[in-house]
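Asks: So the sequence lines, in the order shown, correspond to chains D and L.
Number 183 in our numbering belongs to position 183 of the first sequence; there are no gaps in the numbering.
Number 1253 in our numbering belongs to position 253 of the second sequence; there are no gaps in the numbering.
Glycine residues also receive a C-beta, built at the ideal position from the N, C-alpha and C atoms.
My questions will all concern the structure given below.
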Amino acid sequence: MKQYNIVIIGGGPAGLAAALSAKEHGIDDILILERDERLGGILNQCIHNGFGLHTFKEELTGPEYAERYIDKVLAAGIPYKLNATVADISPDKEVLYVTAEEGAVTVKADAVILAMGCRERPRGALGLPGFRQAGVYTAGTAQRLMNIEGYMVGKEAVILGSGDIGLIMARRMTLAGATVKAVAELMPYSGGLKRNIVQCLDDFGIPLLLSHTVTRIHGKERVTGVTLSQVGADRKPIPGTEEFYPCDTLLLSCGLLPENELSKTAGVKLDPVTGGAEVTDTLETSVPGIFSCGNVLHVHDLVDNVSKEAALAGQKAAEYVQNGCKAAEGAGIRLRGESGVRYTVPQSIVLAQADEKIVVRMRVGDVFRDKALVVYADGKELKRQKKRIMAPGEMEEVTLLRESLAPDTKEIVLRVEG
Amino acid sequence: MDQYDVIIIGAGVIGCATARYLSRYDLRILVLEKEEDVCSGTSKANSGIVHAGFDALPGTMKAKMNVKGCGMIRELAETLHFPYRNNGSLLLCMDDEKLPELQKLYDRGIENGVPEMKILNAEELRKMEPAISENAIAALWAPTAGIVCPFGLTVAFAENAAENGAEFRFLTAVEKIEKQDGGFAVTTDKGTLHTRFVVNATGVHSDEFHNAVSAKAIHITPRRGEYVLMDREVGNLVNATIFPLPDRLGKGVLVSPTAHGNLLVGPNAQDIDDKADTETTQAGMDDIKSRALKSVPNIPYNKTITSFAGLRAHGDQGDFVLGEPEDCEGFFDAACVESPGLTSAPAIGEYLSDLIAARCDAAKKADFKAERKGFTEVAKLSREERSRLIAERPEYGVIVCRCENISEGEIIDAIRRTPGARSLDGIKRRVRQGMGRCQAGFCTPKAMEILARELGIPMTEITKNRPGSEMLRCDDETV
């Protein structure tokens, strides 16, 4: 069985940044396994600009952003395999992958970095009633068909869900000659970035219908229209508010789900809120030597944050290998969110191994104006960060200093306070 | 030469089973189907349960065909290689007052010839199925019941029939049947065909075809049933198929694993007018979900991956209508086949084929091939077997559907077999590409490409199922 220091599952933005970082931190024996036919992951179909503002201080398209990392991976000579689908990861880090050239191959890794990304919530999981006709696409599938394969999915569309991909696709379809009738959002606020609402909807006169949902999809063979209804505070449709929108396409942008089926085969413990692994401050999962980063850990809105997080995973995986693959010692400090903070990543901090600065990322559960993110350590206020606005669609982060944490701290709680 | 011995109208499970059993005889057989593929109507959306046979009234065709079919499916799974599991069924009793009803069903089962049944007390029941409601005080255990993939079963019958010489024509709708000397003229939207015998296996439409040739009118009320399907991750919540006591409209809302290991909940039963109305409704889904919780309280509905609705061909007289009407010799009904129709399919197929063969003294073929090879399921092979296969045919090493681990090779098989997939649904039904938790989000573009390449048609002509369900909408093809 072939042996590697680090095997990275996924060659998207997280996998690429993790690989580069591991290499920079002294590990040469790396293998990236990518299931698609090219590196770059979902960035390849994100042909709009706006990527890399934080990392590169310029506006890049998705493929351009990916290219910067791919170029470095190639220059560094980091080995990778394309069209290689991982079928299983065992708790002792044996990775089974399948390719047309090699067949089914098992390799052994000292450390594994999970970077598989996420998938879109499909129609079935939303429980949308109606026939099972053609013309209902998740926004990302439509994006791939249009931007990678070069096909138009429809001429008149309604979009359910105001996640970023849905907003981007509203503009994309409009630019390609389609009419986007409306974007309906179940919640009273958008799940996407503010800048996407302005640039993708407002600039094209596409209405954003908050507190609305699809209550019927019409058409037996292909979509012929959808009925949109207003929803009340309980998110249930209000009878009498039904309105019919003729269209041939319904795009769904109703949430992304970290794709952790492989993590489960390895016995990695998952956080029920994020859908990703529970990790320590080094992004190590419950299985020693298996690290997680990017959208498979929790769904990000900016790729810059994915790259940063993945670089940390790469570094920590490298250190794990260099330290003789020893698991971290000492009890961890539990982290959790409450009162408006839905989750935190990491979920624990092991002080003995922690860096000087620990970045904690989180999402809030509602729109908050002029509030503060407050950090408590065992009930004592540790930090207070004022925020003009916080929204579920935009990830928040707080940096904790290791020296500010007492060695006997048991729990850190993050809250939204007035 | 459009002259046949038997024309079977409808390529659902009954039509295909009949074709398969008829193909044992030296007969020229044609199956006509108005949709683009087999298993596209009544057969496609049902519970996939192989019922033991205690529900139907003794002496009815339903009772006979059910009990016989249940045993046949178990044996056929070995020769026709379709997904089947003999998991047994439990019919729950929640109320002391209802115990006599449970006993009545047990007695009925004995009369129908159902083997090995047993009435379990609460303790035995709990030991067998810990997830069941605490309110259950007893249950009827029927160990011969099972679960089958309705597509897998229908495709297996169709492929085996085709291998033994039966022909299939799809997207061919029968418009008129006329009795003539020595047989029938069957007019379709693609021309007129001649045949000695007709088999009416048209599901919810079987009353229309019957009434076109017979004065002894029958009537079908389409009875819609809705289902919710959950991720394979939670498919082991129960092992057996769990039924409540039946009510006036049918067997009630069941909770069951499927033959592929998903968890299925449904159906409700709504009598409707429209024979094409397979629309799911919010009210219907809410209804089945809450009713299922009475049998199994902790169903993880947040693991739902899809929902669907199907129509049962509910006949007014309550029994299957099988064989020739008194006033139309040579026309063989398989009409009003509602539950337990899927279970009964092989028994009905055998029964009708033997009637037809006897009528024309058809001889059995010496070279009938009773066995059909199932689809290669690459992910189920050992690593060594998988590598060997991929070395021979590299397309088995290209994973297209990541959720179900389906390779390009399996998709190609689904298209190249006879009768092969002609649509995305056709591929999905045969090899489960797109059947998983992402519901084809990632693999749709790739599956479309493979289908276009294999069929030699442009991407713009790729359909989800029948014409009109084209996936793309573009004038000059490209963006």
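1) Does any residue of chain L bring its CB to less than 8 Å from the CB of D:M187?
2) So which residues on chain D does L:Y1053 lean against when the C-beta distance must stay under 7 Å?
3) Looking at the structure shown, is L:I1009 part of a helix, part of a strand, or coil, going by DSSP?
4) CA-CA distance, L:A1379 and L:E1075?
5) Measuring CA to CA, which of D:P207, D:L208, D:S229 and D:R222 is closest to D:R216?
6) Just verifying my parser: in three-state terms, what is the DSSP assignment at D:V359?
7) How about D:E120: is its C-beta nearer than 8 Å to some C-beta of chain L?
8) Please tell me whether L:R1416 and L:E1454 are closer than 8 Å, where the distance is taken between their beta carbons.
9) Thinking just about the alpha-carbon of each residue, which of L:P1058, L:N1112, L:G1152 and L:L1140 is nearest to the one in L:A1017?
10) Under a three-way DSSP split, which group does L:P1150 fall into?
11) D:R132 touches chain L at which residues, Cβ-Cβ below 7 Å?
12) List in chain order: all unbroken beta strand (DSSP E) runs of 3+ residues lying wholly within the stretch 100-128 of chain D.
13) For L:Q1439, count the other beta carbons within 10 Å of its own beta carbon; 16 or more makes it buried, fewer makes it exposed. Which is it?
14) Are the beta-carbon atoms belonging to L:H1219 and L:D1207 less than 8 Å from one another?
15) Contact between the stretch 202-209 of chain D and the stretch 173-188 of chain D is defined here as three or more beta-carbon pairs at a separation below 8 Å; is this criterion met?
16) Starting from D:E243, follow the beta strand (DSSP E) in both directions and report where the run begins and ends.
17) Output yes or no for whether 8 Å exceeds the beta carbon distance between L:E1392 and L:E1408.
18) Which value, in whole angstroms, describes the spacing of the CA atoms of D:Q347 and L:A1313?
19) Would you mind giving the Cβ-Cβ distance between L:T1060 and L:D1319, rounded to the nearest angstrom? I have them listed as a contact below 8 Å.
20) DSSP on D:G12, reduced to helix/strand/coil?
21) For D:N83, go through chain L and note every residue whose CB falls closer than 9 Å to its CB, in chain order.
22) For chain L, is any of its Cβ atoms less than 8 Å away from the one on D:P129?
23) Could you check where the alpha helix (DSSP H) with L:L1102 kicks off and where it finishes?
24) Tell me the DSSP secondary structure of L:N1121 in three-state form.
25) What's the gap between the Cα of L:T1172 and the Cα of L:K1464?
26) Just to confirm before moving on: does the CB-CB distance between D:A115 and D:N5 stay below 8 Å?
27) Helix, strand or coil for L:M1128 per DSSP?
28) Taking DSSP as the reference, what is the three-state secondary structure of L:E1326?
29) Under 7 Å Cβ to Cβ from L:K1190, same chain only, skipping five residues before and after it: list those, please.
30) With C-beta atoms as the reference, is D:I333 less than 8 Å away from D:E259?
31) Please compile the residues from chain L whose C-beta is within a distance smaller than 7 Å of the C-beta of D:E149.
32) Could you give the DSSP three-state label for L:C1093: helix, strand or coil?
33) Under 8 Å, do D:K264 and D:V107 count as touching if we go by C-beta distance?
34) From the beta carbon of D:A87, is the nearest beta carbon of chain L less than 8 Å away?
35) Residues of the stretch 238-251 of chain D in Cβ contact with chain L at a cutoff of 9 Å, in chain order, please.
36) I need the straight-line Cα distance from D:E403 to D:L373, nearest angstrom please.
Replies: Reading it off the structure:
1) No, no contact with chain L.
2) A small correction: the amino acid at residue 1053 of chain L is Gly; Tyr does not occupy that position in the sequence shown. None at all; the shortest Cβ gap to chain D is about 31 Å.
3) In the structure shown, L:I1009 sits in a strand (DSSP, three-state: E or B).
4) Rounded to the nearest angstrom, the gap between the Cα atoms of L:A1379 and L:E1075 is 25 Å.
5) Considering only alpha carbons, the answer is D:S229.
6) Assignment of D:V359 by DSSP, reduced to helix, strand and coil, places it in the strand class.
7) Yes - at least one Cβ of chain L is within 8 Å of the one on D:E120.
8) A distance below 8 Å separates the beta carbons of L:R1416 and L:E1454.
9) Of L:P1058, L:N1112, L:G1152 and L:L1140, the residue nearest in Cα terms is L:G1152.
10) Reduced to three states, the DSSP call for L:P1150 is helix.
11) Those are F1308, listed as they occur along chain L.
12) Counting whole runs of 3 or more residues, the stretch 100-128 of chain D contains the beta strand (DSSP E) stretches 103-114 and 118-120.
13) So L:Q1439 ends up on the buried side.
14) Contact flag set, yes.
15) Enough Cβ pairs lie closer than 8 Å, so yes.
16) Going by DSSP, D:E243 is part of the beta strand (DSSP E) stretching over E243 to P246.
17) No, the Cβ-Cβ distance between L:E1392 and L:E1408 is not below 8 Å.
18) Across the structure, D:Q347 and L:A1313 are spaced so that their CA atoms are roughly 54 Å apart.
19) So it is a contact: roughly 5 Å between Cβ atoms.
20) Coil at D:G12, not helix or strand.
21) Here the neighbours are G1397, V1398 and I1399.
22) So, interface residue.
23) For L:L1102, the enclosing alpha helix (DSSP H) begins and ends at L1099 to N1112.
24) Here L:N1121 sits in strand by DSSP.
25) So the two alpha carbons sit approximately 18 Å from each other.
26) At the C-beta level, D:A115 and D:N5 stay beyond 8 Å of one another.
27) Here L:M1128 carries a helix assignment [DSSP, helix/strand/coil].
28) DSSP, reduced to helix, strand and coil, places L:E1326 outside both helices and strands of the structure shown, so it counts as coil.
29) Excluding sequence neighbours, L:K1190 sits near T1172.
30) Against a cut-off of 8 Å, the Cβ pair of D:E259 and D:I333 comes out as no contact.
31) The contacting residues are P1445.
32) Here L:C1093 carries a strand assignment [DSSP, helix/strand/coil].
33) At a Cβ-Cβ threshold of 8 Å, D:K264 and D:V107 do not count as neighbours.
34) Yes, D:A87 lies at the interface with chain L (some Cβ there is under 8 Å from its Cβ).
35) Flagged, chain order: D248 and T249.
36) Taking the straight line joining both Cα atoms gives about 20 Å.
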